[in-house]
Amino acid sequence: MNHGRTMRRIAYHAALDGLLSVALGLASTAVYAVPSFARQTGMPCDACHTVFPELTAFGRDFKLNGYTLTGMKQIKATGAAGSMKINAIPPLSVMLQVGFTHVAKTRNVPGGAQNNNVAFPDGLSLYYAGEISPHMGTFLQVTMDNSNSGFGFDMADFRYANRATLGGRPLVYGVTLDNSPGMEDVWNTTPAWNYPYIGSSTAPDNGIAQSQLFNIMGAGFGGYALWDNHWYGAVSLYRSAAAMGSTDRISNVAPYWRFAWQGTLPNRAYLEVGTYGLYAKLRNQPTSTTTTLVPPCNTIATIGCSVTTTTTTTPNGYTKYADWAMDGTYQQPLSDGNLLSLHALYLHENQTRTSGSNILQQFRADANYEIGHRAQASLGYFNSWGSGASVTNANTVIGDTAGVVAEADYLPWENTKFSLQYTAYTKYAGSSTASDNNTLYLNSWLLW
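Numbering (our numbering), first residue to last: 8 to 455.
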């Protein structure tokens, strides 16, 4: 599992409910901050979330409107020099996760980590998020890197949003400045935000065909609109960050697009169907290492000899990536405040390079059953497969991986969540011992 992507996704949605809370009067952004949220607005947090971190219509509307819904005390000023309206309390928050991981076979634990590993923290993020000014809001996140215990800039989203009418129908429109494709989405079907929403940093990588394009950390600018509360469209252009160096940087710009239809069905169910895609040409600059003996030694086995190593980077053309996907979301309210939520995604990627081409495909589906906002059970299926064409056009299978994820969650309080997750593989990167990678993961999730 791509833990970095998972943590960013978790942190973002965790903060999103906190953003709602902050914009409505909180000093702390918390995913399930019912006491503070209710204190400020008289509304429970299930006004924003269905099965966490999935959004309700209200939650989607809040995000599309630029995180600007407010109910808290503000500092206001007007005059000849200009006007100002900012929140009286800075919208800061913290997320902490602690995890335990058991892998079926110890040799399959990545990175040399021990099995039955306890990670404390398994995730730690700090946020600053909320309204900047009327019609403008932001989400900023820094996350701790477990490898060096330092904090690094993680995700960013600045928005301007407004409302109008078009053809006698309501229109919500805005512009976004963010640092990751798909971050502006309001559904849980893009690679950045899809199920499962938690994952261990010491579990085997599940090999899912998540295009590296959706993990680009750079700068993207674009616009979006929701017309008649049904038709949604967004287009953004991305450039690589300078800190990425020269390897795998975007040539010119990478366009990202997203279109979807949403509506309420006669049985009170909610349905979304959509498509999205991304195209980019990345510069390939593979590195090579040369080892040189220091005279007078003539063999590396000679006692006391030393060596020098030189790493060189050689330009080697470009790789073109073309991704497109189809997705769907279904939410069905049930009796006693329960809810059934379904997601499905098909993703197709073409990779073209001078030495040949690859095709990566992925199908994902999950079902979530929420029990009265105190517990939830979920089951997901994933399958990725692909084919590569070498210089001799010999077809080979690359990284076929499939399996299921089962998870149970318990929420004793709205800002505390305990999860039990099990991942079982039927295929793993073409290996005949897929079950050796089966993983049990326990997670506690605190926000304040």
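The beta carbon of each residue, even a glycine, is placed where N, CA and C say it ideally should be.
None of the values given here were measured: they were computed from a predicted structure.
Q. What are the boundary residues of the beta strand (DSSP E) that includes L133?
A. Looking at the DSSP string, the run of the beta strand (DSSP E) that includes L133 is N124 to S140.
Q. Between W234 and T75, what straight-line distance do the alpha-carbon atoms span, to the nearest angstrom?
A. If I take the Cα positions, the gap works out to 19 Å.
Q. In its own chain, which residues sit with a C-beta less than 6 Å from the C-beta of G335, not counting the 5 before and 5 after it?
A. For G335, where only same-chain residues beyond five positions count, the Cβ hits under 6 Å are V280 and A351.
Q | Rounded separation between T430 and F127 - CA only | A | So the two alpha carbons sit approximately 21 Å from each other.
Q: With DSSP as the reference, label N274 as helix, strand or coil.
A: If DSSP states are grouped into helix, strand and coil, N274 belongs with coil.
Q. Taking the Cβ atom as the reference point for each residue, do Y473 and Q369 lie within a distance shorter than 8 Å?
A. Outside the displayed range of the chain (8 to 455) lies residue 473, so it cannot be described from this structure.
Q) Taking the runs of the beta strand (DSSP E) that are 3 residues or longer, which of them lie wholly in the region 344 to 403? A) With a minimum length of 3 residues, the continuous beta strand (DSSP E) runs that stay inside the region 344 to 403 are 346 to 360, 363 to 378 and 382 to 396.
Q: Determine which residues share a DSSP beta bridge with L147 and list them.
A: As DSSP reads the structure, L147 sits in a beta bridge with Y135 and A163.
Q. Who are Y239's beta bridge partners in DSSP?
A. Bridge partners of Y239: L233 and A267.
Q) Alpha carbon to alpha carbon, what distance is there between G363 and A22? A) No answer about A22 holds up, because its pLDDT of 40 lies below 50 and its placement is not dependable.
**Q.** 6 Å CB neighbourhood of S243 in its chain, flanking five on each side removed
**A.** Taking C-beta separations shorter than 6 Å and ignoring five residues to either side along the sequence, the partners of S243 in its chain run G227, G229 and Y263, following chain order.
Q.
My output table needs one value for N169: the three-state DSSP class, helix, strand or coil.
A. Note: N169 maps to strand in three-state DSSP.
**Q.** Distance CB(G144)-CB(D152) smaller than 8 Å
**A.** With contacts defined as CB atoms closer than 8 Å, G144 and D152 fail to qualify as a contacting pair.
(Q) Contact defined as beta carbons within less than 8 Å: I believe T446 pairs with T108. What is the distance between those atoms, to the nearest angstrom? (A) Right, their Cβ atoms sit about 7 Å apart.
**Q.** Paired residues, beta bridge with G174 - DSSP
**A.** Answer by DSSP bridge pairing: none, since G174 is not bridged.
Q. Do A168 and G73 come within 8 Å of each other at the CB atom, strictly closer than that value?
A. Closer than 8 Å, so yes.
(Q) Per DSSP, what are the beta-bridge partners of K288 in this structure? (A) Paired residues: K327.
Q: Find the nearest neighbour of R176 within the set L133, A374 and A232, judged by alpha-carbon distance.
A: If you compare the alpha carbons of L133, A374 and A232 with that of R176, the shortest gap goes to A232.
Q. What's the call for N274, buried or exposed, on a 16-neighbour Cβ count within 10 Å?
A. The residue in question, N274, is exposed, as its Cβ has fewer than 16 Cβ neighbours within 10 Å.
Q: For the alpha helix (DSSP H) holding D68, just list the boundary residues, first then last.
A: Where D68 is concerned, the enclosing alpha helix (DSSP H) stretches over A64 to L71.
Q: For my contact list, G130 and Q104 are in at a C-beta cut-off of 8 Å; report their separation, rounded to the angstrom.
A: The C-beta separation of G130 from Q104 comes to about 4 Å, placing the pair in contact by the 8 Å criterion.
Q. Going straight from the alpha carbon of R290 to that of Y353, what length do you get?
A. Near 27 Å, if we compare the C-alpha coordinates of Y353 and R290.
Q.
Going by C-alpha to C-alpha distance, which of Y245, P188 and D373 sits closest to Y202?
A. Nearest of Y245, P188 and D373 to Y202, Cα basis: D373.
Q) Buried or exposed: where does N365 fall if 16 or more other Cβ atoms within 10 Å of its Cβ makes it buried? A) Around the beta-carbon of N365, 16 or more other beta-carbon atoms lie within 10 Å, marking it buried.
Q. Quick one: what's got a C-beta closer than 8 Å to L71's C-beta in the same chain, skipping five residues either side?
A. Excluding residues up to 5 positions away in sequence, A168, V179, G181, V193, Y231 and L233 lie with their Cβ nearer than 8 Å to the Cβ of L71 in the same chain.
Q: Please name the residue in N236, Q269, N390 and S394 whose C-alpha comes closest to that of T172.
A: For the residues N236, Q269, N390 and S394, the minimum Cα distance to T172 belongs to N236.
Q) Got a sec, what are the start and stop residues for the beta strand (DSSP E) R419 sits in? A) The residue asked about is misnamed: residue 419 is Pro in this sequence, not Arg. Residues T408 to W420.
Q) So what does DSSP say about S258, is it helix, strand or coil? A) The DSSP-derived three-state label of S258 is coil.
Q) For P188 versus Y245, is the C-beta spacing smaller than 8 Å? A) P188 is a Cβ neighbour of Y245, given a cutoff of 8 Å.
Q) Got a sec, what are the start and stop residues for the beta strand (DSSP E) K112 sits in? A) Unbroken run through K112: none, as it is neither H nor E.
Q. What are the boundary residues of the beta strand (DSSP E) that T430 is part of?
A. Bounds of the beta strand (DSSP E) holding T430 are T423 to K434.
Q: To the nearest angstrom, report how far apart F69 and A111 are at their CA atoms.
A: Cα to Cα, F69 sits roughly 43 Å from A111.
Q: Pick helix, strand or coil for A226, following the three-state DSSP scheme.
A: Reduced to three states, the DSSP call for A226 is strand.
Q. Taking the continuous beta strand (DSSP E) assigned at T446, which residues delimit it?
A. Taken as a continuous stretch (DSSP letters only), the beta strand (DSSP E) holding T446 covers T446 to L454.
Q) Does the distance from the CB of T57 to the CB of S348 come in under 8 Å? A) For T57 and S348, yes; Cβs fall inside 8 Å.
Q: Kindly identify the DSSP beta-bridge partner or partners of S438.
A: Looking at the DSSP output, S438 bridges to Y435.
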